Every structure is written in C-alpha cells, then in structure tokens.
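Since the structure comes first, as structure tokens, the remarks are kept for the end.
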Amino acid sequence: MPATILLVDDEQGFVDTMAKRLGKRGLKVFTAYSGHEGLDVLSSNGSIDVVILDVKMPGMDGNETLARIKIDHPLVEVIMLTGHATVESAIEGMKSGAFDYMMKPCDLEELLGKVGEAYDKKETHETKILEARARHIVLRRGD
Amino acid sequence: MSDSHYYQSLAKSMMFTIILVSIAPLVLIVLIAGHQYGAAYEEKVTAHLRELVLKHDQSVDYYLEEKVEEIRVLAEVFNVNRLRDPRELEALHDALVRGHGNDFVDLGLVNSEGIQEAYAGPYRLQGVDYSEAEWFRMARERTVYVSDVGPGLRGVPHFTIALRIKEAGRDWFLRTTLDFIAFNKLVEDIRIGQTGLAYIINKKAEFQTTPNRDMTGEVSFLQRFVKGMDSNGERVWGRAAITTETNPATGKEMIFVTSPIKNGDWLMVFQQDTDDAYAALNRTRNLALVVLLLGTLAITIMAYLMSRRMARKVEKADSAKEIMNEQVIEAGKLASVGELAAGIAHEINNPVAIMVEEAGWIQDLLEEGLKVDDNEREVQRALNQIRTQGTRCKGITHKLLSFARKTDPTVKFFCLNELVREIVELSEQRAKYANVIIETSLADTIAQVQASPSEMQQVFLNLVNNAIDAMDPGGGNLDIMTRLDGDDVAISFADTGCGIPEANLSRIFDPFFTTKPVGQGTGLGLSIIYGIINRMDGTIAVQSTVDVGTTFTIRLPAVKEAEGGACEIRLNKEDTA
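As they're listed, the protein sequences go chains A and B. Numbering-wise, the first sequence is residues 546 to 688 according to my numbering. Numbering-wise, the second sequence is residues 143 to 719 according to my numbering.
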C-alpha cells in the first residue's frame with residue numbers, strides 16, 4: 546500500500562507540480578502552502594504517513610511546524626526540504642525528530658526512496674504499537 | 143584643489159605657531175637684557191666720566207692753589223724792599239725754577255700805578271706799564287687774582303697770578319707768569335676713546351687750554367652752551383654735571399661733563415661723542431641684533447621646512463586613512479553581501495526547484511504520450527512556468543549584481559525614494575522569511591540629495607539588515623520614511639525590534655563594537671555608515687527603547703531645485719514609462 550503524503554511549501558508552483566508527479570506514481574498527495582495550513586490538513590486527515598516540509602517559510606517556519614507535528618502526530622514521519630543556506634536548520638530539525646532532509650531542488654526518485662523508507666519506518670512503529678496493544682489486551686485477560 | 147589648499151593653510155598655521163613660539167622669547171630676552179645691559183652700561187660710563195672729571199678739576203684747582211700759595215709765601219717771607227731788588231728777585235726766580243721746573247716763567251713786582259719795578263725772567267719787561275691790564279684791575283679788588291689765558295704782551299699763551307701786598311701804606315703787586323704748556327698738560331692728557339677730550343673754557347667760552355684738535359667750529363656752540371647753561375646754571379656749573387647735547391658742528395650727539403674750577407671762573411669741559419662713549423654698548427647691541435636676525439632667519443627657515451614636512455606627512459597619513467576607509471567599507475560591504483547572498487541563495491533555489499519539477503513533469507507526460515488527455519496543454523503550461531521562473535531567477539541575480547558592483551564613491555544628484563524602493567525589493571525575501579513587514583511612506587515631493595548612490599545603497603541595506611536582525615525571533619514591522627525637513631532630506635528606519643540598551647547607545651558607531659556572537663557580526667556596519675554619512679555632510683541619529691524598537695534617522699542636506707531639480711519629475715517619468 547503506497548504512502549499518503551503531505552507537501553508543505555510556500556512556493557505554490559513547486560507544491561502543485563510535485564503533487565502531480567507524485568500522484569502519477571501512485572501516491573496520495575495532500576498539499577498545504579504554509580505551516581498552519583499543513584497542521585490543519587494533518588489534523589483533518591488521519592491517513593497521512595509522511596510530511597515533506599520546507600524549512601524556510603514566512604510565518605511559521607519549518608522547524609516550528611515540525612515541533613507541532615511531533616507533539617500532535619508523533620507517528621507521522623517528516624522529511625525536511627531545504628535550500629543550501631539553511632542546511633544547519635535542517636540538521637536542527639533532524640535533532641528534533643525529522644526523519645531526514647533533502648536539498649532543493651531534489652531528485653524525485655531519491656525523494657520517493659526516502660518517502661518509502663519513512664513510510665516503512667512508520668509502518669514498523671505502528672505494527673509495534675499494535676503488537677504492544679495486543680499483548681496488553683492478552684495480559685489483561687489474565688489467561 | 144580644496145585639499146591642497148587645506149594642507150597649505152595647515153602648513154602655514156603650523157609655521158606661524160612655531161615662529162611665534164620660538165621668536166617671542168628670543169625677542170623678549172634681547173629687549174629685556176638689552177635694556178638692562180644698556181642702562182647698566184650707561185650708568186657705568188657716566189660714573190666713570192664723572193669720576194674722571196672730578197679728579198681732574200680737583201687737580202687743576204690744586205695746581206692753581208699751589209702756585210698761588212707759593213707766591214703768597216714769597217710775599218710773606220720777603221718784604222717789598224727785597225723784592226724790589228732785581229738781584230734778590232732773580233735769585234728767588236732761580237729758586238722757583240729749580241723747585242718747579244719751568245712752571246714759573248718769570249717773576250715781577252708792580253707798584254700801585256701798574257709799573258713793573260722789578261722783573262726776573264727771560265723777557266725784558268722791566269718798567270712795563272700794566273695799569274690797563276685786566277689782572278691788575280682785578281688784583282686791586284681781590285688781593286689774589288689768577289688771570290685767564292691770553293697772549294698778553296709777549297704774544298705767547300700764558301696766564302698770570304697776581305698778589306696784592308700792602309706795605310707802608312702802599313699797594314704792591316707781586317706777579318708771576320705760569321707756563322701754559324705745563325698747565326695745558328693737566329687737561330690735555332684726559333683722553334678717552336676716539337673723540338673724548340677735555341679742555342677748560344672761561345665764561346666767555348674762550349679756550350684756556352688748547353684742545354688737541356681744531357674746535358673753532360664749535361666755539362659759537364660753546365658760547366651758546368655756556369650762556370644757555372648760565373640761565374639754569376646749576377646743571378652746568380655744578381660739579382661734574384652731565385648733559386647730552388647735539389653738537390651743531392658735527393651734528394652728532396655728545397656727552398658733556400662740566401665742572402667749575404677756579405671758583406667758577408673757568409669751566410672744565412669733557413666732551414665725547416655718544417657713539418664713541420657707548421661704543422662697546424653699541425657693538426654689543428649690534429651683535430645682539432645680528433644674532434636675533436640670524437636666529438629669526440634660521441627659525442623661519444626651519445619652521446617653513448618643518449611645517450611643510452609635517453603637512454606632507456599629515457597628507458600622506460590622511461590619504462592612507464582614506465584608502466583604509468575605502469577598504470573597510472569594501473570589507474563591510476562584503477560582509478553585507480555575504481548576508482544577502484544567504485538569503486538570495488534560498489530565493490534562487492525556489493524557482494530552480496520549480497523548474498526542475500516542471501521539467502520532470504514534462505518528462506513524465508512525454509513518457510505517457512502527448513496525445514493522451516490534454517497532456518499537450520499541460521506541457522505548454524509547464525513550459526510557461528519554467529519561463530516565468532527563469533525570469534524570476536534573472537531578476538534576483540540582477541538585483542544581486544547591482545549591489546555587488548565595486549563601491550563607487552562618485553557623488554551625484556539622485557533621489558532617495560528610488561534607492562529606498564530598490565533596497566526594499568532587495569530585502570523583501572529576507573524580510574518575508576524573518577516575518578518582518580517592511581512598510582514605506584515616501585514623501586511625494588522630496589528634494590534630491592547629493593551623495594554617492596552606491597554608498598547610500600550600502601547604508602540603507604545595512605540599516606535594513608540590522609533592523610531585521612533586531613526583530614529576529616518573532617518578526618515585526620520596519621517603517622521606512624522619507625520626508626523633507628527644512629533644508630534637509632530626512633529618512634528614518636523605525637523597527638519594532640529588541641532595542642538598544644542605553645549603555646550601548648553611545649558606542650554603537652564605534653568600529654568593531656558588536657553585541658552579536660563572535661563570527662556573526664564584524665561591528666563595522668554602523669561605523670562605516672557613520673563615516674559615509676559624515677562625508678556627505680549629513681547626520682545620523684538614533685533613538686531606541688529596549689523591547690519597543692529603534693529608529694535611525696539620517697539627514698542629508700537637500701539640493702536646491704535650481705541645482706538638481708526636484709525628484710518628483712524623474713519619478714513621474716519612470717512611472718509613465
């Protein structure tokens with residue numbers, strides 16, 4: 546099952562085209578043009594697995610958005626997207642829980658690979674959680 | 143032009159200061175010491191002359207008195223009868239000649255009628271009638287009389303001493319003639335310097351001694367001198383009185399030392415040219431003047447050379463400073479360009495990313511085939527987007543290039559509003575990401591200013607960057623305002639940032655003062671701005687409240703319309719173009 550993705554960037558043209566290309570490759574893509582919008586979309590769509598997040602945005606920037614995502618949706622994986630000048634802040638993002646970072650302009654195949662990895666990681670996490678829950682239920686039964 | 147004029151006047155003022163400071167004490171010392179020395183020397187000279195004259199008038203008086211006493215002794219020892227005897231008289235004269243050399247030329251006894259009854263001496267004067275002679279009349283009155291010097295009967299200068307003797311109810315007169323040469327020697331030897339000489343005159347200003355140079359030209363003067371002095375006689379006829387008179391015969395100033403002798407009948411005069419008397423003083427004065435002159439000359443030359451050298455050094459240092467300033471400005475500019483470049487890189491990355499994506503999208507569509515759906519239109523749209531983004535890139539690089547050019551310090555007329563717009567455009571992206579809203583309120587009619595546009599560009603960019611940094615976390619508003627304020631064009635940058643603590647306010651324009659962490663700020667920005675604004679005859683002021691915001695206000699002198707024209711015209715042209 547292919548991943549569901551949220552693209553957050555203030556550059557509308559970039560987001561739209563990227564969404565079309567990813568959609569063509571069978572992914573379900575949501576788009577947002579700012580950090581706030583991204584959080585809203587994330588809240589209203591529980592199926593989103595991976596967020597591709599631009600670091601430098603007016604208003605709420607990438608790092609701030611990342612922090613909010615990690616609080617509200619801890620399982621969602623985030624890939625930071627950065628220009629050269631903000632590599633440092635992307636690394637900061639990694640420290641606060643981003644899955645990976647990519648340089649703009651990015652190679653689509655590479656991005657897909659990263660998305661796949663991120664999706665797998667999320668799946669693993671979710672599976673683990675499910676297993677843990679199952680164990681918990683079994684234990685409660687006390688058989 | 144004005145620069146070389148400045149250094150010339152600097153050299154001049156230095157030169158005059160050096161000359162004044164060095165020459166003033168020199169002149170002062172020469173004047174004071176010269177005056178003191180002159181006074182002391184004059185005192186010494188006059189004291190010396192006075193001493194000399196006092197000594198000699200005494201010796202002349204003694205000489206005369208001694209001779210008179212000699213005669214008086216003779217008259218008392220010998221009675222008239224013995225004196226009337228030619229042989230006795232002859233013996234007496236011989237004795238006198240033996241004792242006094244040739245002082246006593248002759249000796250004679252004259253009866254009350256003035257007839258010389260006895261005579262001993264080298265002349266044949268037996269029986270001569272002296273009744274009409276001056277000395278004879280005076281001797282009748284005074285008992286003892288010493289005559290003035292005159293040729294007398296014999297035609298040789300001499301003077302006579304006559305003594306009245308009362309015997310047997312009759313008056314007799316013992317007379318002797320004194321040798322003029324011996325007497326003359328007494329005063330002739332008083333000679334000082336080239337012109338100093340002494341002589342004796344009587345009340346009619348007739349010479350009683352022979353001066354050792356021709357003084358006939360001065361007789362009339364001496365007559366006037368003696369008479370004139372008679373009126374306030376105390377000065378001339380007091381002992382060793384000193385007067386300074388201009389001698390009409392020579393036209394030179396002379397010192398006269400006069401002293402009365404022979405109970406005031408005669409006047410001993412010592413005269414000397416002032417120049418001669420004060421020769422040593424004059425020599426010293428001339429020497430001092432020469433030294434002063436040479437000193438002044440040397441000081442002037444030195445001052446001239448030194449001040450020129452100093453001015454050249456100052457000029458060199460100034461030009462070195464100028465070069466340094468330019469380099470510092472260039473360095474500061476590099477720093478701000480670096481800051482700008484970081485923002486620009488991201489800005490350029492965005493359109494590039496879009497282009498890459500669009501290209502990839504076209505590729506995707508081509509793989510699918512153009513005929514499928516409306517893929518052809520989609521490709522057209524993607525190509526248009528690529529063109530749009532390419533144009534955007536071009537705009538960004540052009541903006542960057544316009545700033546990265548070498549700073550051109552050429553001053554020209556230009557409008558601040560245009561520059562503000564340019565800077566706002568350039569900083570917009572950075573401001574956007576820092577959540578800073580830049581607002582401009584530019585006066586519609588604003589005079590042009592005379593400045594270097596590229597330097598002003600740097601000033602504005604620096605201030606905008608500072609403002610954005612000051613509002614770093616959280617963002618804020620930056621208001622840029624231009625207005626005409628009297629004769630100045632004022633432009634203010636008001637931010638709502640963290641503000642500057644009062645303690646730092648006075649230091650923010652100092653070079654290398656920065657509150658940023660090491661490696662993030664050079665501390666040069668504001669000091670460079672300060673230098674640039676100063677050079678353009680403008681001022682920069684800062685107002686700041688911590689946590690409220692900071693306002694920088696720059697004032698530049700407005701260019702009069704006649705010279706530069708108003709800004710509005712050019713702006714309107716641009717708008718319509």
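Don't be surprised by glycine CBs; every beta carbon is placed ideally from N, CA and C. All values derive from a computational prediction rather than experimental measurement.
What residue from Ser579(A), Gly607(A), Asp665(A) and Asp594(A) has the CA that sits closest to Thr549(A)'s CA? As a first step, residue 549(A) is located in the first sequence; it is residue number 4 there, counting from the start. It is Asp594(A) whose Cα lies nearest to the Cα of Thr549(A).
In chain B, what lies closer than 7 Å to Pro603(A) by C-beta? Residue 603(A) sits at position 58 when you count from the first residue of the first sequence. Within 7 Å Cβ-Cβ: Lys574, Tyr575 and Asn577.
Cβ neighbours of Trp503(B) in the same chain (closer than 6 Å, five flanking residues each side left out): Position 361 of the second sequence, counting from 1, holds the residue named residue 503(B). If we look at Trp503(B) and ignore the five residues flanking it on each side, its Cβ neighbours are Ala524.
Coil, strand or helix - His300(B) by DSSP: Position 158 of the second sequence, counting from 1, holds the residue named residue 300(B). Strand, per DSSP.
May I ask you to report which of helix, strand or coil DSSP gives Asn223(B)? Numbered from 1 along the second sequence, position 81 holds the residue referred to as residue 223(B). In the structure shown, Asn223(B) sits in a helix (DSSP, three-state: H, G or I).
Residues in the same chain with beta-carbon distance under 8 Å from Glu274(B), minus the five sequence neighbours each way, listed in chain order, please. Counted from its first residue, the second sequence places residue 274(B) at position 132. Only Gly256 meet the Cβ criterion.
Consider the Cβ of Asn646(B): report whether some Cβ of chain A lies at a distance smaller than 7 Å. Locating residue 646(B) in the second sequence gives position 504, where the first residue counts as 1. So, not an interface residue.
What residue does the alpha helix (DSSP H) around Lys573(A) start on, and which one ends it? Position 28 of the first sequence, counted from the start, is the residue given in the question as residue 573(A). Lys573(A) -> not in any alpha helix (DSSP H); beta strand (DSSP E) instead, spanning Lys573 to Ala577.
Can you have a look at Phe158(B) and say buried or exposed, based on whether 16 or more other CB atoms are within 10 angstroms of its CB? Position 16 of the second sequence, counted from the start, is the residue given in the question as residue 158(B). Its Cβ having fewer than 16 others within 10 Å, Phe158(B) is exposed.
Going by DSSP in three states, Asp599(A) sits in which element: helix, strand or coil? Residue mapping note: residue 599(A) aligns to position 54 of the first sequence, counting from 1. Asp599(A) falls in the strand class under three-state DSSP.
Verify whether the separation of the beta carbon atoms of Lys667(A) and Glu633(A) is less than 7 Å. What you label residue 667(A) is simply residue 122 of the first sequence in a count that begins at 1. What you label residue 633(A) is simply residue 88 of the first sequence in a count that begins at 1. Contact: no.
Determine the direct distance from the alpha carbon of Phe246(B) to that of Val210(B), and round the result to whole angstroms. Position 68 of the second sequence, counted from the first residue, corresponds to residue 210(B). Position 104 of the second sequence, counted from the first residue, corresponds to residue 246(B). So the alpha carbons of these two residues sit roughly 11 Å apart.
In chain B, what lies closer than 7 Å to Leu653(A) by C-beta? Mapped onto the first sequence, residue 653(A) falls at position 108. In chain order: Gly502.
Are the C-beta atoms of Thr549(A) and some chain B residue less than 7 Å apart? Start at 1 with the first residue of the first sequence, and residue 549(A) comes out as number 4. No, no contact with chain B.
Where do the ends of the beta strand (DSSP E) carrying Val288(B) lie? Stepping through the second sequence from its first residue, residue 288(B) is reached at position 146. Start and end: Val286 to Val288.
As an exercise, report each continuous alpha helix (DSSP H) stretch of at least 4 residues that is fully enclosed by the stretch 225-265 of chain B, in chain order. 228-242
Per DSSP, the bridge partner or partners of Ala593(B): For the purposes of this step, residue 593(B) is taken as the residue at position 451 of the second sequence. Paired residue(s): Lys554(B).
Taking Cβ to Cβ, would you say Leu168(B) is nearer than 7 Å to Gly437(B)? Here residue 168(B) refers to the residue found at position 26 of the second sequence. Here residue 437(B) refers to the residue found at position 295 of the second sequence. Yes, these two residues count as a Cβ contact at 7 Å.
For Lys702(B), the nearest candidate out of Ala636(B), Gly628(B) and Gly241(B) (CA to CA): What you label residue 702(B) is simply residue 560 of the second sequence in a count that begins at 1. For Lys702(B), the nearest C-alpha among the options comes from Gly628(B).
Quick check on DSSP: helix, strand or coil for Ala585(B)? Stepping through the second sequence from its first residue, residue 585(B) is reached at position 443. Of the three classes helix, strand and coil, the one that applies to Ala585(B) here is coil, per DSSP.
Taking the alpha-carbon of Asp611(B) as reference, which of Gln268(B), Asn221(B) and Ser569(B) has the nearest alpha-carbon? Counting from one through the second sequence, the residue named residue 611(B) turns up at place 469. Residue Ser569(B) is the option with its Cα nearest to Asp611(B).
Contacts of Lys695(A) in chain B (Cβ-Cβ under 7 Å): Here chain A has residues from 546 to 688 only, and residue 695(A) is not among them.
Boundaries of the beta strand (DSSP E) in which Ala645(B) is found, first to last residue: Here residue 645(B) refers to the residue found at position 503 when the second sequence is read from its first residue. Boundaries for Ala645(B): no beta strand (DSSP E) harbours it, while the alpha helix (DSSP H) harbouring it runs Glu644 to Leu647, taken from the DSSP string.
With 16 as the cutoff for other CB atoms within 10 Å, does Met156(B) come out buried or exposed? Residue numbering aside, residue 156(B) sits at position 14 when the second sequence is read from its first letter. Buried is the call here.
When you compare the CB of Glu499(B) with every CB in chain A, is at least one pair closer than 7 Å? Position 357 of the second sequence, counted from the start, is the residue given in the question as residue 499(B). Yes - at least one Cβ of chain A is within 7 Å of the one on Glu499(B).
Tell me, please, whether the stretch 457-477 of chain B touches the stretch 214-226 of chain B by the rule of three or more beta-carbon pairs shorter than 8 Å. no
Select from Gln150(B), Tyr148(B) and Lys154(B) the residue whose C-alpha is nearest the C-alpha of Thr442(B). Counting from one through the second sequence, the residue named residue 442(B) turns up at place 300. It is Lys154(B) whose Cα lies nearest to the Cα of Thr442(B).
Since Leu361(B) and Ile342(B) are thought to touch, with beta carbons under 8 Å apart, how far apart are those beta carbons, to the nearest angstrom? Start at 1 with the first residue of the second sequence, and residue 361(B) comes out as number 219. Start at 1 with the first residue of the second sequence, and residue 342(B) comes out as number 200. Going by the sequence as given, residue 361(B) is Val instead of Leu. So it is not a contact: roughly 14 Å between Cβ atoms.
Could you give the C-beta distance for Ala445(B) and Ile633(B), rounded to a whole number, given that I count them as a contact under 8 Å? Here the question's residue 445(B) lines up with position 303 in the second sequence. Here the question's residue 633(B) lines up with position 491 in the second sequence. Actually they do not touch by this definition, with Cβ atoms about 48 Å apart.
Beta-carbon contacts of Thr188(B) that lie in its chain and below 6 Å, excluding the five residues immediately before and after: The count along the second sequence starts at 1 and reaches residue 188(B) at position 46. For Thr188(B), where only same-chain residues beyond five positions count, the Cβ hits under 6 Å are Ile384.
Once DSSP output is grouped into helix, strand and coil, what is the label at Val498(B)? Translated into positions along the second sequence, residue 498(B) becomes position 356. If DSSP states are grouped into helix, strand and coil, Val498(B) belongs with the helices.
Does Ile496(B) get closer than 7 Å to chain A when you measure Cβ to Cβ? In the second sequence, residue 496(B) corresponds to position 354, counting from 1. Closer than 7 Å to some Cβ of chain A, the Cβ of Ile496(B) qualifies, so yes.
From what residue to what residue does the alpha helix (DSSP H) around Ala564(A) run? Within the first sequence, numbered from 1, the residue matching residue 564(A) stands at position 19. Run containing Ala564(A): Gln557 to Lys569, per the alpha helix (DSSP H) assignment.
Please classify Glu464(B): does DSSP put it in a helix, a strand, or coil? Numbered from 1 along the second sequence, position 322 holds the residue referred to as residue 464(B). Looking at Glu464(B) - three-state DSSP - the assignment turns out to be helix.
Near Glu376(B), what residues of its chain come up, given a Cβ to Cβ distance below 7 Å and the 5 sequence neighbours on each side ignored? By one-based count along the second sequence, residue 376(B) stands at place 234. Low per-residue confidence applies at Glu376(B): pLDDT is 49, beneath 50, and the placement is therefore not dependable, though the value from the model is reported in the following sentence. Within the same chain, Glu376(B) has no close Cβ partners at all.
With 7 Å set as the bound, which would you pick, yes or no: does the beta-carbon of Ile556(A) sit closer than that to a beta-carbon of chain B? To locate residue 556(A), count along the first sequence from 1; it is residue 11. Note that residue 556(A) corresponds to Glu in the displayed sequence, not to Ile. Closer than 7 Å to some Cβ of chain B, the Cβ of Glu556(A) qualifies, so yes.
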